[in-house]
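Going by the numbering used here, the first residue of the sequence shown is number 1, and it counts up by one from there. Even for Gly, the Cβ is constructed at its ideal location relative to N, Cα and C. Owing to the predicted nature of the structure, the values given are computational and were not obtained by experimental measurement.
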Amino acid sequence: MKLVTGIVTSLVIGSLSFGVFAAKELEKDKVKEMNLTKIGEITTSKTTAPMDARKDLSKKADELGGTYYVVTSANKGEKTVHATAEVYK
């Protein structure tokens, strides 16, 4: 029983720490103020809601090694949301 509790606790703490390190969305004018370096571009198109697109962009920015991302375009169709963003470090 203690093993199961330990595993569940580890999973909960791990999921909380992911949110702490997730890349954050910025507005374009903040990039120059913060003296950030662009490290790439990302895109998402298989999401069905704007919040899902933001989560997907944040995850992809993390995978690229970025700390911030700036959405450069977004388009909401009938069933999908397509978005592109620049990733900064």
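CB-CB length for T91 against E41, believed under 8 Å: Residue numbering for the chain in the displayed model covers 1 to 89; residue 91 lies beyond these limits and cannot be assessed.
Residues sharing a beta bridge with S73, DSSP: T84
Buried versus exposed call for D29 [16 or more other C-beta atoms within 10 Å across all chains shown]: exposed
Classification of E86 by the beta-carbon crowding that lies within 10 angstroms, buried from 16 upward: Burial call: buried.
Status (buried if at least 16 other CB within 10 Å, exposed otherwise) for A49: It is exposed - the Cβ of A49 has fewer than 16 other Cβ atoms within 10 Å.
Beta carbon of T72 nearer than 9 Å to that of K89: No, they are not a contact pair.
Rounded separation between G77 and G65 - CA only: Taking the straight line from one Cα to the other gives about 29 Å.
Bridge partner(s) assigned by DSSP for I42: A85
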